[in-house]
Amino acid sequence: MIDSIRSKVFPKRKKKKNINWIATILVILVSLIILFPLYITISIALKSPQELAQSVLAPPLRFHWENFAEAMEVSNFWRSLRNSALVSIPVIFLTVLSNSMVCYAIARNMNNRFFKFLYFYFVSAMFVPFPIIMLPLVKQMSGYGLTDNLVGLIIIYIVYSLPLNTLIYVGYIKTIPKSLEEAAIIDGGSIWQIFWSVIFPLLKPINATVAILAGLFSWNSFMLPLVMIASRKLMTLPLAQYAFQSQYSIDFNLAFASYLLALSPMLIFYIISQKWVISGVLRGSLKQ
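Taking the working numbering, the leading residue of the sequence shown gets 2, the next gets one more, and so forth.
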């Protein structure tokens, strides 16, 4: 009784939550560093040349949406978009199919010296900078007749994504109990049937992550198409933006509008699917 009266007369004060001001300030600074260039890009894309000459930082007085229409016409946006789609879509499907099979064979045979060597050999390729192998790669693909060809780009993207995917896939496959495969073998299943009926459905989170990363890599890549593609008809979106800037380097309004057009598909795609990227990478790289 006394305690209830005391609680009404002297109510307990709520404990104040301690705020980590250093972390909060760092988060704000990093957010500003990321958002400020995006604001500048959008602002310039929506300005007229006269407004841009007056001030770069000030917001546009009137939104000039016609900049986007003109940029699409001048830079052959739809043709470049088609080329990027013709490269990225096959890369996504073929990367998931081929890399998952290779990594399954490695993960289930790590006791074998050959497969253990393959694992470290593939993973070590992550530390080789692309500029070092760029010219030998172009020369080799030229010998196969695959330069200035979208098929050559697709093949390189699939092979070049194998090192990171090996690290992700092998780490995740090791967490799958071998008893599932042993039960399938007892039922008379072959290795091929076991992989497609038992293992591949269990790889759904990692397959989604690999597909997203492969799509982002092939869509946004600039250096590889630059050294592999010479024909304007086969230019992907990043390469078309480079050619657009060199030809119209003074008209920044159209250039920045064109950059936003090229950025928007993958930005929307990543915002929708970012939870699979984060969860999949953590599952594949940490669970070993």
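Just so you know, even glycine gets a beta-carbon here, dropped at the ideal spot from N, CA and C.
Beta carbon of residue i: closer than 7 angstroms to some heavy atom of the ligand ADP?
i: serine 32; result: This structure simply doesn't include the ligand ADP, nor any ligand for that matter.
Leaving out five residues before and five after residue i in sequence, what residues of the same chain have Cβ atoms less than 6 angstroms from its Cβ?
i: phenylalanine 117; result: A small correction: the amino acid at residue 117 is lysine; phenylalanine does not occupy that position in the sequence shown. Taken in chain order, the residues that qualify are Met111.
i: threonine 148; result: Met142 and Met229
i: alanine 263; result: Leu238 and Gln242
i: alanine 215; result: Val92, Ile93, Thr96 and Ser162
i: tyrosine 120; result: Ile107
i: asparagine 166; result: Asn100 and Val211
Kindly indicate which three-state DSSP category residue i falls into: helix, strand or coil?
i: phenylalanine 223; result: coil
i: methionine 135; result: helix
i: leucine 287; result: Below a pLDDT of 50, predicted positions are generally treated as unreliable, and leucine 287, at 48, falls in that range; the measurement from the model is reported next regardless. Looking at leucine 287 - three-state DSSP - the assignment turns out to be helix.
i: arginine 80; result: helix
i: phenylalanine 64; result: coil
i: valine 57; result: coil
i: proline 178; result: coil
i: valine 171; result: helix
i: isoleucine 20; result: coil
i: aspartate 145; result: Reading off the sequence shown, one finds tyrosine at residue 145, where the question assumed aspartate. DSSP places tyrosine 145 in coil when its eight states are reduced to three.
i: serine 232; result: coil
i: lysine 140; result: helix
i: valine 129; result: coil
i: threonine 237; result: coil
i: leucine 203; result: helix
i: lysine 117; result: helix
i: asparagine 110; result: coil
i: serine 49; result: coil
i: serine 191; result: coil
For residue i, is the classification buried or exposed, using 16 other Cβ atoms within 10 angstroms of its Cβ as the cut-off for buried?
i: isoleucine 213; result: buried
i: lysine 48; result: buried
i: glutamine 94; result: Rather than glutamine, the amino acid found at residue 94 in this sequence is phenylalanine. Under this definition phenylalanine 94 is an exposed residue.
i: serine 222; result: buried
i: tyrosine 271; result: exposed
i: tryptophan 79; result: exposed
i: tryptophan 22; result: exposed
i: asparagine 113; result: exposed
i: arginine 233; result: exposed
i: isoleucine 187; result: exposed
With a CB to CB cut of under 8 angstroms and the five nearest residues on each side skipped, what residues in its chain are close to residue i?
i: alanine 106; result: Phe116
i: proline 226; result: Leu154, Met236, Thr237, Pro239 and Leu240
i: alanine 185; result: Gln194, Ile195, Ser198 and Val199
i: isoleucine 41; result: Val57 and Leu58
Please work out which residues of its chain come closer than 7 angstroms, Cβ to Cβ, to residue i, disregarding the five sequence neighbours upstream and downstream, and give them in chain order.
i: leucine 53; result: Ile45, Phe253 and Asn254
i: asparagine 84; result: Leu151, Leu235, Met236 and Thr237
i: valine 139; result: Thr148, Val228 and Met229
i: proline 164; result: Phe123, Val124, Ala126 and Met127
i: isoleucine 133; result: none
i: cysteine 104; result: Asn166, Thr167, Tyr170, Val171 and Ile174
Should the stretch 121-131 be called in touch with the stretch 63-76, which here means at least 3 C-beta pairs below 8 angstroms? Touching, no.
Any contact of the stretch 53-63 with the stretch 187-203, i.e. 3+ C-beta pairs under 8 angstroms? Touching, no.
Using 8 angstroms as the Cβ pair cut-off and three pairs as the minimum, do the stretch 86-93 and the stretch 251-261 touch? Touching, no.
At a cut of 8 angstroms, does the stretch 230-243 reach the stretch 23-34 through at least three beta carbon pairs? Judged by Cβ distances under 8 angstroms, the stretch 230-243 makes no contact with the stretch 23-34, as fewer than three pairs qualify.
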